[in-house]
Amino acid sequence: LLRMLEQYLGAEAFRVGVSHYLRQHSYSNTETNDLWDAIEHTSGEPARRIMDSWIWQPGYPLVSASLVDGDGAPGLHLSQQRFGFDADVPAGDGPIWAVPVHIRNGGVTTTVLLDARDTADPIPLADPSGPVVVNAGGHGFFRVAYDDTLRSRLDAATLADLSTLERYTLVDDAWSATVAGRLGAAELLDVLDAFADEREHAVWQAVVIALRGLGRLLDDGPALDAFRSRVRALVAPTLDALGEPSDDEPDLSGKLRGLLVGTAGVLGDDVGIQARCREWFDAAAADPTTVHPELTAAATSVVAATGDADMYARMRDRFVHGDTPQEQLRHLYALAEFDDEALVLETCEFAMSDDVKSQNAPFLLRAAIANRNHGRVAWEFVRDQWDRATSRFPSNTIVRMVESVRLLNEPDLVADTDAFFADHPIEQAAKTLEQILERQRVNATLRSRDGSRLGAALTGHGPAG
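Sequential numbering of the sequence shown, starting at 2, is according to this note's numbering.
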């Protein structure tokens, strides 16, 4: 919020206001309002009204942007409502914030203070037919929803001119809009396609979160195959550009390579990447210094997700006989990633044994519940072994153990977890559990709403929207 206020006022005006506050109240006590009043005194801007609207109200806003007819040319209309994953909340209800909004268009940045439900008059644009970036700079603490026309202008060429934070925010807002039912899953995938030339690790983290979420909406079959093909096509250009690791490359380049290798190998089902991962895994087992650590971690996940019972035995052996605690834990948690129901259940039983430390076992079970195809059986195991788990594991890890039930997005599982936790509350983390179950319901609604439409769009058997 302070960064947002500084960007609105300008760095110098913000610094002058803070200096005035420090001088005025030196050697004395203050309260928060004194800072806002000092900044307002020196800047002439309504700093106190702006900050009070954020501090004393729950949540944060969604700012919607659309093109409207202006005075002789199209202009920009902005409106605000509280952001939430319940898309059925009427737009006219809820709190109103004083929102500093920076808008870039045609090489010109305009700043407006949106302190009403919407703008009374269209905001003039320097280039009405060009791309419009709302929340330019990315420092505003709000989400942005573009109308179809404005969103279509944010193509790959436009993305290249945005800052890293602006691109990250664009992806993060688009995924949240999909979860909330304001943007279709197929349309989101089209947005993500424009990031094939992306080279920043932070932006790719947001892209991969969205891709994983979309993958959870699809059953095995032609639609999932088509989705995997899209994933491979999306990550390939950046993986090719990264090439092989080098001693002098930035640390984030190594992290990005590891992230994309894992994404291509698991989410994209890239058989070429999977073969390379087996080579890296074997090489790292023989001599860890011969493989970049990020590739070792990625290869372990890919090999597990595509491995058989023999590989499972190798993973378990590396957990027991690993040279370092880091290596042991990497192989332990990989046991939850195998795409085999019997092996996932074996992992759950292993977590309850004395071979796994009680502070690690809850996180192994959490990973098993997150297994894309076999999370159901892992949850049923935890449910049936609840008394045993809660008596054995540290109390502060119990809610962490069940965090991944939010990913179980089938209606019968939502009903099952609701009923179970109604009878088995986690008293020391009641609010956190409530949030987990709420997100599970949101994810189930997303799958019900968009799963079949996304599948139809991917296979060409129906409309995208």
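C-beta: ideal position from N, C-alpha, C; glycine also.
Using a Cβ distance threshold of 8 Å, R83 and P96 count as a contacting pair. About 13 Å separates the beta carbon of L260 from that of V232, a gap too long to meet the 8 Å contact definition. Going by C-alpha positions, L438 is about 15 Å away from E428. With contacts defined as CB atoms closer than 8 Å, I370 and V383 qualify as a contacting pair. Three or more Cβ pairs closer than 8 Å define a contact, and the segment 50-60 falls short of that threshold against the segment 153-160. By the neighbour-count definition (other C-beta atoms within 10 Å, threshold 16), R389 is an exposed residue. Taken through DSSP and simplified to helix, strand or coil, H293 comes out as coil.
Y28 carries a coil assignment under DSSP once its states are collapsed to helix, strand and coil. Judged by DSSP in its simplified three-state form, Q360 adopts coil rather than helix or strand. Between W380 and L333, the C-beta gap is not smaller than 8 Å, which leaves the two residues out of contact. Here Q360 is exposed, its C-beta having fewer than 16 other C-beta atoms within 10 Å. As computed with DSSP, S67 is found in a beta bridge with H78. Cβ-Cβ separation between A207 and V192: approximately 11 Å, too far for a contact (criterion under 8 Å).
Distance from the CA atom of T297 to the CA atom of G266, rounded to whole angstroms, is 13 Å.
Taking a C-beta distance under 8 Å as the contact criterion, H140 and M52 do not qualify as a contact pair. With contacts defined by Cβ atoms closer than 8 Å, R200 and T170 do not form a contacting pair. Per DSSP, the unbroken alpha helix (DSSP H) holding T348 starts and ends at E342 to A352.
Using a Cβ distance threshold of 8 Å, V292 and A284 count as a contacting pair. For L114, the secondary structure class from DSSP, reduced to helix, strand or coil, is strand. For V17, the CB contacts under 8 Å within the same chain, skipping 5 residues up- and downstream, are T43 and S44 in chain order. For the pair A445 and E411, the CB atoms are nearer than the 8 Å cut-off. Taking a cut-off of 8 Å for Cβ pairs, the segment 220-228 and the segment 176-189 do not touch, as fewer than three such pairs fall below it. Around D128, the same chain offers N106 and G107 as residues with beta carbons nearer than 7 Å, after the five sequence neighbours per side are excluded.
Annotation for Y61: no beta strand (DSSP E) segment contains it, and DSSP assigns it neither H nor E.
Taking each of L79, L114, M402 and T264 in turn and checking the Cα distance to G376, the smallest one comes out for M402.
As the crow flies, the alpha-carbon of K256 is around 20 Å from that of E338.
Every alpha helix (DSSP H) stretch that sits fully inside the segment 95-174 and reaches 4 residues is listed by chain position as 149-153 and 157-160. Annotation: the continuous alpha helix (DSSP H) that includes H332 extends over P326 to A335. In the structure shown, R377 falls within a helical segment according to DSSP collapsed to helix, strand and coil. Bridge partners of R83 according to DSSP: P62. Leaving aside the five residues that flank A299 on each side, the residues in its chain whose CB is nearer than 6 Å to its CB run, in chain order, G259, V262 and G263. Of the residues R315, D340 and D341, the one whose Cα lies closest to the Cα of R331 is R315.
Listed in chain order, the non-local C-beta contacts of T433 below 7 Å within the same chain comprise V400, local neighbours out to five positions each way being set aside.
Each of E347, Q329, L190 and E350 was checked against the Cα of R454, and the nearest Cα belongs to L190.
A161 counts as exposed, since fewer than 16 other C-beta atoms from the protein chains shown sit within 10 angstroms of its C-beta. Pairing A99 with D72 gives a Cβ-Cβ distance that is not under 8 Å.
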